[in-house]
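Colleague: Take this structure, written in structure tokens, and hold onto it; I'll ask about it next.
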Amino acid sequence: MNLRVENRGAVRILTIDGEKQMNVLSPPLVGELAEQARQATVDSSVRAVVLTGAGTRAFCAGANLKERQGWSEDEIRRWLVALHANFREIERCTKPWIAAINGLALGGGCELALCCDLRVIDPAAQIGLTETRVGIIPGGGGTVRLARIVGLGRAKEMILTARRVDDEEALQMGLVSRISAAGDVVPAALAFAKEIEDNAPLGVAAAKAAIEEGWDLALDAALEAERRHYEKVLLSEDRLEGLRAFAEKRRPKWKGE
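Position in the sequence shown (from 1) plus 1108 gives the number in this note's numbering.
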């Protein structure tokens, strides 16, 4: 196994278990991540997923470049296809994923963090798409996702210079949502997850889906997608419970129905 899996209440914590090798990406690891995404979608006891790396040096330092030197062109092409497919499984998961960036998130490790819905960073961590420094380009969706998150100009600047950004700059550009206290990135991510957990499960899933789907559509089509996802919660028991709880000035008791 390349992942350690722990359930903390309604939050599933996934830890990339490769500290000695800076938690680098591998075909088995990305396959396990995709399987965890599928499992979280169908497991009603899971409300959010926190992803981090073992140790303090790296969240994920990207690909194992020494290993890649022995790969054929066909093997590299198959790897990229699998990487795209497995990262998409993370994005399609109905439960929010929070990247707890505990150290370096470089290359494919940065791309993995970009697949998550939210990102929290330790003050000592750095993040960057550094592939042009070794003669390639981001191949795990980084050119697309980074531009969508921080804007075209900033994405070009980061990728073309292969520059790493620190916690404060990452927050300023919207690359991360929060900076944790030193050494406390996982607790900070768990607190973030608790804020999500307090809300209706169906509402969170529908809102996440509406945002993801609408991003790729023209405005009218995106608004139609939003209405369609609204319909999913309109007749739900949770919606009625939310209205009752508001009227009665109490905390709602969500059923996910």
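We put the beta carbon where it would ideally sit given N, CA and C, even for glycine.
Looking at L1298: is its Cβ nearer than 8 Å to the Cβ of V1119?
Modeller: For L1298 and V1119, yes; Cβs fall inside 8 Å.
Colleague: Considering just the uninterrupted stretch of the alpha helix (DSSP H) at G1161, what are its terminal residues?
Modeller: Run containing G1161: none in the alpha helix (DSSP H); it sits in the beta strand (DSSP E), A1156 to G1161.
Colleague: In chain order, what residues of the same chain lie with their CB nearer than 7 Å to the CB of S1153, ignoring the 5 residues before and after it?
Modeller: A1118, listed in sequence order.
Colleague: Could I get the ranges of all uninterrupted alpha helix (DSSP H) runs contained in the segment 1201-1284, with 4 residues as the minimum, in chain order?
Modeller: Taking only runs of at least 4 residues, the alpha helix (DSSP H) segments lying wholly in the segment 1201-1284 are 1216-1223, 1250-1258, 1260-1269 and 1275-1280.
Colleague: What residue range does the alpha helix (DSSP H) around T1149 cover?
Modeller: Where T1149 is concerned, the enclosing alpha helix (DSSP H) stretches over P1135 to V1150.
Colleague: DSSP puts R1286 in a beta bridge; with which residues?
Modeller: In the DSSP output, where bridge partners are listed per residue, R1286 has V1228.
Colleague: Report the three-state DSSP secondary structure of P1131 (helix, strand or coil).
Modeller: Looking at the sequence itself, residue 1131 is Asn, so the reference to Pro does not match. It is coil, neither helix nor strand.
Colleague: Is the beta carbon of L1237 less than 8 Å from the beta carbon of G1215?
Modeller: Taking 8 Å as the Cβ cut-off, L1237 and G1215 qualify as a contacting pair.
Colleague: When burial is assigned at 16 or more other CB atoms within 10 Å of the CB, is Q1234 buried or exposed?
Modeller: With 16 or more other Cβ atoms within 10 Å, it is buried.
Colleague: Within the same chain, show all residues whose beta-carbon is closer than 7 Å to that of G1350, passing over the 5 residues directly before and after it, in chain order.
Modeller: Only A1308 and P1360 meet the Cβ criterion.
Colleague: How big is the Cα-Cα spacing for A1367 and S1344?
Modeller: Absent from the structure is residue 1367, since the part of the chain shown begins at 1109 and ends at 1365.
Colleague: Would you tell me roughly how many angstroms separate the C-alpha atoms of G1178 and V1189, rounded to the nearest one?
Modeller: In a straight line, the C-alpha of G1178 is about 18 Å away from that of V1189.
Colleague: DSSP three-state label for E1114, please.
Modeller: Three-state result, E1114: strand.
Colleague: Provide the residue(s) that pair with L1122 in DSSP beta bridges, ordered along the chain.
Modeller: Paired residues: V1113 and L1159.
Colleague: Count the other CB atoms, across all protein chains shown, that sit within 10 Å of the CB of T1269; report buried if there are 16 or more and exposed otherwise.
Modeller: Per the 10 Å Cβ criterion, exposed.
Colleague: W1187 and V1157 - do their beta-carbons sit closer together than 8 Å?
Modeller: Their beta carbons are not under 8 Å apart, which means V1157 does not touch W1187 by this criterion.
Colleague: Write down the C-beta distance between C1168 and G1247 rounded to the nearest angstrom, noting that I regard them as a contact closer than 8 Å.
Modeller: Between G1247 and C1168 the Cβ distance is about 15 Å, and since that is not below 8 Å, they are no contact.
Colleague: Below 8 Å on the Cβ atoms is my guess for I1124 versus N1110; work out the distance and round it to an integer in Å.
Modeller: Indeed, because the Cβ distance is near 7 Å, the residues count as touching under 8 Å.
Colleague: With I1267 and L1254 assumed to form a contact (beta carbons below 8 Å), what rounded beta-carbon distance in angstroms separates them?
Modeller: Correct: roughly 7 Å between the Cβ atoms.
Colleague: What separation, rounded to the nearest whole angstrom, lies between the Cα atoms of L1084 and A1207?
Modeller: Since the first residue of the chain shown is 1109 and the last is 1365, residue 1084 is not available in this structure.
Colleague: So with Cβ pairs under 8 Å, would you call V1258 a contact of chain D?
Modeller: Looking for chain D here will not work: only one protein chain is present.
Colleague: With distances taken between CB atoms, is the gap from A1333 to T1202 smaller than 8 Å?
Modeller: It is not a contact, given that the beta carbons lie outside the stated cut-off.
Colleague: Does DSSP put A1171 in a helix, in a strand, or in coil?
Modeller: Reduced to three states, the DSSP call for A1171 is strand.
Colleague: Quick check on the DSSP output: what are the complete alpha helix (DSSP H) runs of length 4 or more inside the segment 1289-1346, in order along the chain?
Modeller: Counting whole runs of 4 or more residues, the segment 1289-1346 contains the alpha helix (DSSP H) stretches 1293-1305, 1309-1323 and 1327-1342.
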